[in-house]
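Trainee: If you scroll down you'll find the structure; I have some questions about it.
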Amino acid sequence: MVGIFALVVGFKIRSQSRRLLRQVEREKKRADKLANFVIPAGLSLVTNTDLNTLLEKILAEGKTLAQADGGTLYLVTPEKTLRFVTVLNDSLKIAMGGTSGQEVSLPPLPLYDPGTGEPNRKNVAVSCALEGRAISVADVYAEKGFDFSGAKAFDQKMNYRTLSVLCVPLKNAQQKVIGVLQLINAQSPDTGEVIPFDDHLRQMMELLGLLAAAALESYLRIKTLTDQIAELKIQIDEAKKERQVAEIAETDYFKGLQSRAREMREKVKKQNR
Amino acid sequence: MAKIVSIHSYRGGTGKSNLTANLAALTALEGKRVAVVDTDIQSPGIHMPFGLSEERVKFALNHFIWGECPVEEAAYDVTTVLGRPGGPIYLVPSSIKVSDIGRILKEGYDVRLLNDGFQALIEKLQLDYLFIDTHPGVNEETLLSIAISDALVLILRPDQQDFQGTAVTVELAKKLDVPQMMLVVNKALPSMNFDELRAKVEKIYDVPVAAILPLTTELVQLASAGLISLIQPDLEASREMRKVSARILA
């Protein structure tokens, strides 16, 4: 089908044909990626038994799928901040959080301005968390809407160039955002040059975000349950117990049983002597 | 002298019937003459692991209670479940017919009849061990079973409600001077620290923990369809059950 389509177009408009063919090939690749990568990646997340591995894997799978150079996974905290949990960057060889054993030293991002209480929409990851939608920025240095001073300071310090950014929310079944997956610098599969994250990639990452959120939620649910049990808080309400015991032990029936049982055991003892 | 062993739990769903069936089988494997009475008349279930079919059951414990048959006529030889040489196992089931269960619930019954039944059974079948699968919770019938028992096995899950309810049963059993008491913790998550669990439970109740049975897929898959200690003797649950039977046999 793809072949015939390409041929027909090729006969008609030779100059456009190559471009179209490339586009069709890209679309097919993406469809393949969805079936062969996004879904298996989501499934592989479900089987994780260790939280750090799971968090790192969410970021790593996203990075690989988008062919991004770097990325950050944030979790929404009860204090209404975005906490950095894992940071990866290939060209700078950075691995923090996750299984790296290296703590992420970056301070959490407040979802709301601590002074005014207003939503902190200047930060792209925070905006993504607040609005629950994916946000793609083609060039952070040309961007006017968001404040990328943090990224720019990082660039200067690390001799890096942050260009494209994609943030996708990790939304649970109740549509609550529990985290944000942020990817940096998509790379062209052909040339390796840094390019913007395109629309299809955004869609795929949104799907991965849903799968990651589901995996994370199920992990946390099981963890809470096992922690509660592992803590082994065995607390007996003594007053309640005494009351219940007394209610039964003071009945005529129980007293009768008690004396009969005593007689019976005495008899057995005598027999055994 | 036959030894009477009651297996009791404060709440339902603890795996009481399954444990009872396994303990009876393990005891019979030692060449002992064993009978099991299902006194959980309101929710009978122990016929399942023994593979006793409804068609075979002409008389059940209900009919003995209603004076319709002597107790030994409600006892069925289920020794074949062992699949190897051992002492005989008899099962006195409760009727699984809805109308029979309904009648018991409606009319009630004189629990003293149970004791007569137990004694007759021990005598007629020349038993070494009589296992009583009790009804969950504390009522006249379970208290009677506990009172006449030489050994009481309390089975519980590691959760708050079971811990609390078991505390009540332990107190009552102590007041009834049951000579031997032990706890079996069932459905413990494998991620738990079993040594710590054992130590804490023993400290709270001042009763030994004879076994901790982990919640495993094998047990869930088998459900009540067979006796795990015979089918998969190498499982941790099976090893733990043998520890319980060793205490009972001691």
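Those protein sequences? They're chains D and Y, same order as listed.
Numbering of the first sequence is given in my numbering, commencing with residue 1 and proceeding in unit increments.
Numbering of the second sequence is given in my numbering, commencing with residue 1001 and proceeding in unit increments.
We treat Cβ as the ideally placed atom computed from N, Cα and C, and that holds for glycine.
Predicted model only: the values in this text are computed from it and were never measured.
1. For chain D, is any of its Cβ atoms less than 8 Å away from the one on D1177 (chain Y)?
2. Find the nearest neighbour of Y253 (chain D) within the set Y:L1172, Y:E1073, Y:L1197, judged by alpha-carbon distance.
3. Quick one: what's got a C-beta closer than 7 Å to L1144 (chain Y)'s C-beta in the same chain, skipping five residues either side?
4. In three-state terms, what does DSSP make of I1155 (chain Y)?
5. Evaluate contact between the region 1152-1163 of chain Y and the region 1030-1037 of chain Y, counting only Cβ atoms and requiring at least three cross-stretch pairs below 8 Å.
6. Counting C-beta neighbours from all protein chains within 10 Å, is the total for A1075 (chain Y) 16 or more, i.e. buried, or is it exposed?
7. With DSSP run on the structure shown, which of helix, strand or coil describes S1093 (chain Y)?
8. Alpha carbon to alpha carbon, what distance is there between D32 (chain D) and G1137 (chain Y)?
9. Can you look up K57 (chain D) in the DSSP assignment and give me helix, strand or coil?
10. For a quick check, are the C-beta atoms of K241 (chain D) and Q1164 (chain Y) less than 8 Å apart?
11. Check the DSSP bridge columns for Y1076 (chain Y) and list the partner residues they point to.
12. Any Cβ of chain Y within less than 8 Å of the Cβ of R221 (chain D)?
13. For P1093 (chain Y), collect the residues of the same chain with a Cβ closer than 8 Å to its Cβ; drop the 5 residues on either side in sequence, then sort them by chain order.
14. For G71 (chain D) versus L181 (chain D), is the C-beta spacing smaller than 8 Å?
15. For V1184 (chain Y), which beta-bridge partners are listed by DSSP?
16. Who are the neighbours of L1130 (chain Y) on chain D, taking C-beta pairs under 8 Å?
17. Taking only runs of the alpha helix (DSSP H) that begin and end inside the region 19-98 of chain D, which ones reach a length of at least 4 residues, in chain order?
18. Below 8 Å on the Cβ atoms is my guess for L1197 (chain Y) versus V1185 (chain Y); work out the distance and round it to an integer in Å.
19. Which two residues bound the contiguous beta strand (DSSP E) that contains F1131 (chain Y)?
20. Looking at chain Y, which residues of the region 250-263 of chain D have a Cβ within less than 8 Å of any of its Cβ atoms?
21. Decide if M1001 (chain Y) is buried, meaning its Cβ has at least 16 other Cβ atoms within 10 Å, or exposed.
22. Does the count of Cβ pairs from the region 188-205 of chain D and the region 112-120 of chain D closer than 8 Å reach three?
23. Check for me: the beta strand (DSSP E) holding Q244 (chain D) runs from which residue to which?
24. Would you be able to state if there are at least three C-beta pairs under 8 Å between the region 209-220 of chain D and the region 168-175 of chain D?
25. Just to make sure I have the definition right: I need the residues of chain Y whose C-beta is within less than 7 Å of the C-beta of V245 (chain D). Which are they?
26. How would you write the range of the alpha helix (DSSP H) that D1252 (chain Y) sits in, first residue to last?
27. Counting only C-beta atoms, is M1001 (chain Y) closer than 8 Å to chain D at any point?
28. Cα-Cα, which of Y:V1178, Y:K1243, Y:G1117 is closest to I1212 (chain Y)?
29. List the residues of chain Y whose Cβ lies closer than 8 Å to the Cβ of K241 (chain D), in chain order.
30. Give the DSSP-derived three-state secondary structure of D1038 (chain Y) in the structure shown.
31. Could you give the first and the last residue of the continuous alpha helix (DSSP H) run that contains K1124 (chain Y)?
32. Using a Cβ-Cβ cut-off of less than 7 Å, give me the residues of the region 1131-1159 of chain Y that come near chain D, in sequence order.
33. State the DSSP-derived secondary structure class of C1069 (chain Y), mapped to helix, strand or coil.
34. When you compare the CB positions of L216 (chain D) and G179 (chain D), do they come within less than 8 Å of one another, or not?
35. Measuring CB atoms only, is the region 53-64 of chain D touching the region 85-103 of chain D, in the sense that at least three cross pairs come out at less than 8 Å?
36. In its own chain, which residues sit with a C-beta less than 6 Å from the C-beta of D139 (chain D), not counting the 5 before and 5 after it?
Mentor: Considering the structure as presented:
1. yes
2. Y:L1172
3. V1111, L1114, N1115
4. strand
5. no
6. buried
7. The residue asked about is misnamed: residue 1093 (chain Y) is Pro in this sequence, not Ser. In this structure, P1093 (chain Y) counts as coil in the three-state DSSP scheme.
8. 58 Å
9. helix
10. yes
11. Y:L1091
12. no
13. D1038, P1044, I1046, H1047, L1052, V1057, A1060, L1061, A1074, Y1076
14. yes
15. Y:I1155, Y:A1211
16. In chain order: nothing, as chain D lies at least about 14 Å away.
17. 39-46, 51-66
18. 6 Å
19. 1129-1133
20. Y253, F254, L257, Q258, R260, A261, R262
21. exposed
22. no
23. Counting along the chain, Q244 (chain D) falls outside any beta strand (DSSP E), though it belongs to the alpha helix (DSSP H) covering 238-249.
24. yes
25. V1168, E1171, L1172
26. With chain Y covering only 1001 through 1250, there is no way to say anything about residue 1252 (chain Y).
27. yes
28. Y:K1243
29. Q1164, A1167, V1168, E1171
30. strand
31. 1112-1124
32. V1138, E1140, L1143, L1144, A1147, I1148, P1158
33. coil
34. yes
35. yes
36. L163
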